[in-house]
Amino acid sequence: MTHPPNAPAASAPGTTPVHPGPGVPAQASPPSGVPVSPSSLAPSPAGPPAGRGPWDEVRVRVRRAATTEPGRLQILGAVLALLVVAFGAVTAYEVSDRAGSADDVVSRSQPLSADAADIYRSLADADTAAASAFLSKERDPADLQKRYTDDITTASRLLVKAAASTGGSSESAREITTLNEQLPRYTGLIERARAANRQGLPLGGAYLRYANQLMTTQLLPAAERLYEAETARLQQDDEDARDWPFLSLALGVAALAVLVWAQRRTYARTNRVFNHGLLAATAASVIVLLWLAAAHTVARAGLNDAREHGQSSLQVLNAARISSLKARANENLTLVARGAVLTDDGKSDKYETDYTTSMKSLTTALAEARELADDDAGRDPLAAAADRTADWRERHKDARDKDDAGNYEGARTSVVGPGASTGQSFDQVDAALKQALDHEQSEFTQAAEGGRGALTALPVGAASLAILGAAGAVMGINRRLSEYR
Numbered sequence: 001m002t003h004p005p006n007a008p009a010a011s012a013p014g015t016t017p018v019h020p021g022p023g024v025p026a027q028a029s030p031p032s033g034v035p036v037s038p039s040s041l042a043p044s045p046a047g048p049p050a051g052r053g054p055w056d057e058v059r060v061r062v063r064r065a066a067t068t069e070p071g072r073l074q075i076l077g078a079v080l081a082l083l084v085v086a087f088g089a090v091t092a093y094e095v096s097d098r099a100g101s102a103d104d105v106v107s108r109s110q111p112l113s114a115d116a117a118d119i120y121r122s123l124a125d126a127d128t129a130a131a132s133a134f135l136s137k138e139r140d141p142a143d144l145q146k147r148y149t150d151d152i153t154t155a156s157r158l159l160v161k162a163a164a165s166t167g168g169s170s171e172s173a174r175e176i177t178t179l180n181e182q183l184p185r186y187t188g189l190i191e192r193a194r195a196a197n198r199q200g201l202p203l204g205g206a207y208l209r210y211a212n213q214l215m216t217t218q219l220l221p222a223a224e225r226l227y228e229a230e231t232a233r234l235q236q237d238d239e240d241a242r243d244w245p246f247l248s249l250a251l252g253v254a255a256l257a258v259l260v261w262a263q264r265r266t267y268a269r270t271n272r273v274f275n276h277g278l279l280a281a282t283a284a285s286v287i288v289l290l291w292l293a294a295a296h297t298v299a300r301a302g303l304n305d306a307r308e309h310g311q312s313s314l315q316v317l318n319a320a321r322i323s324s325l326k327a328r329a330n331e332n333l334t335l336v337a338r339g340a341v342l343t344d345d346g347k348s349d350k351y352e353t354d355y356t357t358s359m360k361s362l363t364t365a366l367a368e369a370r371e372l373a374d375d376d377a378g379r380d381p382l383a384a385a386a387d388r389t390a391d392w393r394e395r396h397k398d399a400r401d402k403d404d405a406g407n408y409e410g411a412r413t414s415v416v417g418p419g420a421s422t423g424q425s426f427d428q429v430d431a432a433l434k435q436a437l438d439h440e441q442s443e444f445t446q447a448a449e450g451g452r453g454a455l456t457a458l459p460v461g462a463a464s465l466a467i468l469g470a471a472g473a474v475m476g477i478n479r480r481l482s483e484y485r
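Quick note: the sequence shown uses the working numbering, first residue 1, plus one each step.
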């Protein structure tokens, strides 16, 4: 058959002819006999929108899931599990931190503070013993020599112990270094004073004054700063242990609120009063929250009791003991110097003036300690110390009257002699203060250990109950999801 010009070719049998629209160029047909690939005819797939990342995909999926009840239940289950686990984890962390601080109060900070006070007492008592031995009629009396040696040994031992328990860059470490450097110098001066005194040379008194000057200007101030630094660390540990775990409490309240809301939601949709899984999660959260509040309340009460009836009393008693040691050392040096050392204005004997100041501090500290004592075991030694302090004042006045009248031997006997001397009064005051210190130390340790014990099991218990609560929440939600399968 002959076709007219520009007429379209006949379509193959069984096919529909394609007529291009106006203005659309005709598509070239593939040559006859060439197979056509299906992929060449299918439209190319569209790529992902530019700028969409993994989190965008997650948000899209969560949004889609939130449009169906099973999806909403899955989201709710994940939120409940995360809240309960976070509550348990934060509780375990915060309580562990506070339990560690409470343990530091009992086993590190307070013992170090007590050791620092003992270092001061040992050094001051060694200086007192050295001066008393110098004033004694007997050359190097054995009892005072032993007392001096024991004090120096105790101070050295406690310095080693303190150095092992403090950081290398801390303020305490610097004071310990000062003490370790100056203590050999002090003992060397004391030995020179003794050697000169044995030979009857007046140079011995000068060496003793130099030693006392080193003690009062270098050693004792360093020991006092060490005590203050360790006491400050004790107070900081005590504050850390008593801080409320507000984040844990807030998470616990939030977890309970969401759990209660989830159960009300379940009841509104199913008319079922209880969902056993959610009920178990709620019970576990309630137990942890109540345990946390109760344990921390008990711990704070124990630490508060340790602070008010132990720590505060110990600080005042240590101050009283330090004042008595200073007064005794200055009393001895008043006789050793014989008025050679005056106050800055040049009008009064320096050592007698310092003695008066220390005795006033001792009296004030004893009165304050009696107010802090909360039982007869603490008050009775303080009453005895106050009585012996009054006797000490009277005997000291008698010694000063003798010395001012020119009776030096009588004054010396009233200060360091046997029987009714100021030395006897000092020993009685020191013994009473030691008894009071031992009692308050026991009270402090007992109260602080009670506070520490209240937090011991809570971290492990909170973590375990949180895991059980999260499992219960997941099981409760899965029970609802099974209804849609």
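Every residue, glycine too, gets a C-beta built ideally from N, C-alpha and C.
Pairs of beta-carbons, one from the segment 207-221 and one from the segment 177-186, closer than 8 Å: are there three or more? yes
Give the DSSP-derived three-state secondary structure of PRO43 in the structure shown. Any reading at PRO43 needs caution, since the residue's pLDDT is 49, under 50, leaving its predicted position unreliable; the model's value is listed next. In this structure, PRO43 counts as coil in the three-state DSSP scheme.
Check the DSSP bridge columns for LEU135 and list the partner residues they point to. Note: LEU135 sits in no beta bridge, so no partner.
Hey, how far is the Cα of PRO70 from the Cα of ALA284? 25 Å
Look at the Cβ atom of THR334, then the Cβ atom of THR363, and state whether they are nearer than 9 Å. no
DSSP three-state label for ASP374, please. coil
From THR282 to THR177, what distance separates their C-alpha atoms? 57 Å
Below 8 Å on the Cβ atoms is my contact criterion, and I expect LEU112 with ALA162 to pass it. Report the Cβ-Cβ distance as a whole number of Å. 6 Å
Take PHE274 and list the residues in its own chain whose beta-carbon comes closer than 6 Å to its own, dropping the five residues that flank it on each side. none
Strictly by DSSP, which residues pair up with ASP539? What is shown of the chain runs 1 to 485, which leaves residue 539 out entirely.
Between ARG108 and the rest of its own chain, which residues show a CB-CB distance below 8 Å, the 5 nearest in sequence each way excluded? SER165, ASP237
Buried or exposed, going by whether 16 or more other CB atoms sit within 10 Å of the CB of GLU352? buried
Sort ASP115, ALA306, GLY302 by Cα distance to LEU455 and report the nearest one. GLY302
Under 9 Å, do SER312 and ALA436 count as touching if we go by C-beta distance? no
Considering MET215, what are the terminal residues of the alpha helix (DSSP H) in which it resides? Per DSSP, MET215 belongs to no alpha helix (DSSP H) and is neither H nor E.
Note the first and the last residue of the continuous alpha helix (DSSP H) segment covering VAL415. 408-416
Between the alpha carbons of ALA337 and VAL416, how many angstroms are there, rounded? 15 Å
LEU455 by DSSP, collapsed to three states: which one? coil
Which listed residue (ASP427, VAL160, ALA473) has its alpha carbon closest to that of TRP392: ASP427
Thinking C-beta only, is TYR148 closer than 9 Å to LEU226? no
Give every residue of the same chain whose Cβ lies closer than 6 Å to the Cβ of THR508, excluding the five residues on either side of it in the sequence, and list them in chain order. Look at the range of the chain in this structure, 1 to 485, and you will see that residue 508 is not part of it.
Under 8 Å: do the segment 238-252 and the segment 125-139 share three or more Cβ pairs, one atom per stretch? no
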